[in-house]
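Numbering (my numbering), first residue to last: 41 to 215.
Yeah, the Cβ is synthetic: ideal placement off N, Cα and C, and Gly gets one too.
These numbers come from a predicted model, not from an experiment.
Presented below is the structure to which this report refers.
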Amino acid sequence: RRGDGHADLSYVYAAAEEIAELMDGFTVVVTKSTVPVGTGDEVEEIIRKKRPDGDFAVVSNPEFLREGAAIKDFKIPDRVVVGTDDERAREVMTELYRPLFLNETPILFTARRTSELIKYAANAFLAVKITFINEMADLCEKVGANVQEVSRGIGLDGRIGKKFLNAGPGYGGSC
41 RRGDGHADLS YVYAAAEEIA ELMDGFTVVV TKSTVPVGTG DEVEEIIRKK
91 RPDGDFAVVS NPEFLREGAA IKDFKIPDRV VVGTDDERAR EVMTELYRPL
141 FLNETPILFT ARRTSELIKY AANAFLAVKI TFINEMADLC EKVGANVQEV
191 SRGIGLDGRI GKKFLNAGPG YGGSC
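Structure representation (structure tokens):
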């Protein structure tokens with residue numbers, strides 16, 4: 041991240057330029073990183089400027105990995121999100137994720153910008169849950185309630201769920 045709070049996309053842009061130089065035949069360029077909405081458009085523009093005749097598609101395929109569970113989350117994901125409007129890219133990504141599809145992993149195909157936003161929306165929602173339970177911990181201290189029991193009580197509600205309802209230092213780290 042840059043000092044002004046914006047995402048540092050210099051590595052993404054540099055990779056796009058390098059990919060443009062090395063493309064040979066139809067190429068699917070996949071962005072796995074958490075990037076602001078519209079980054080895929082910018083990557084496409086960078087490649088198109090270097091290779092106006094290039095046969096390629098830029099796809100958003102964000103990772104949803106938890107710290108401490110990355111390998112498990114990679115092998116057995118809750119879902120796979122693929123953002124593309126290009127039919128050939130969709131076919132390539134479908135084949136890539138075929139083993140997960142056969143294991144009944146939900147695979148959601150969306151527009152690229154929607155895929156980019158899904159990642160941010162998921163991160164924001166989890167941050168809200170973590171912030172909420174920390175606020176509840178403060179309230180519990182003030183009124184003499186037990187935050188673990190409050191967390192369990194609301195976490196048993198199927199609409200809420202128990203994940204990310206542990207009071208602690210807050211959210212942060214890699215995304």
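Neighbour-count burial assignment, residue i, 16 or more Cβ in a 10 Å radius
i      : result
THR134 : exposed
ALA109 : exposed
Top-ranked residue by Cα proximity to residue i, from the options
i      : options                           : result
ASN143 : VAL120, VAL183 and PHE149         : VAL120
LEU205 : ALA177, GLY184, ILE111 and THR124 : ALA177
ARG128 : PHE172, GLY65, ALA110 and LYS182  : GLY65
THR71  : GLY94, PHE104, ASP44 and ASP95    : PHE104
Beta-carbon gap between residue i and residue j smaller than 7 Å
i      : j      : result
ALA60  : LYS90  : yes
VAL187 : PHE149 : no
TYR53  : ILE86  : yes
VAL99  : VAL83  : no
6 Å Cβ shell around residue i - same chain, five flanking residues per side excluded
i     : result
PRO76 : ALA47
Own chain, CB closer than 7 Å to residue i, minus 5 neighbours either side, in chain order
i      : result
VAL132 : VAL68
ILE200 : ILE194
Residues bridged to residue i [DSSP beta-bridge criterion]
i      : result
GLY65  : DSSP, once it has assigned bridges, lists no residue as partnering GLY65.
GLY123 : SER100 and THR150
VAL70  : VAL99
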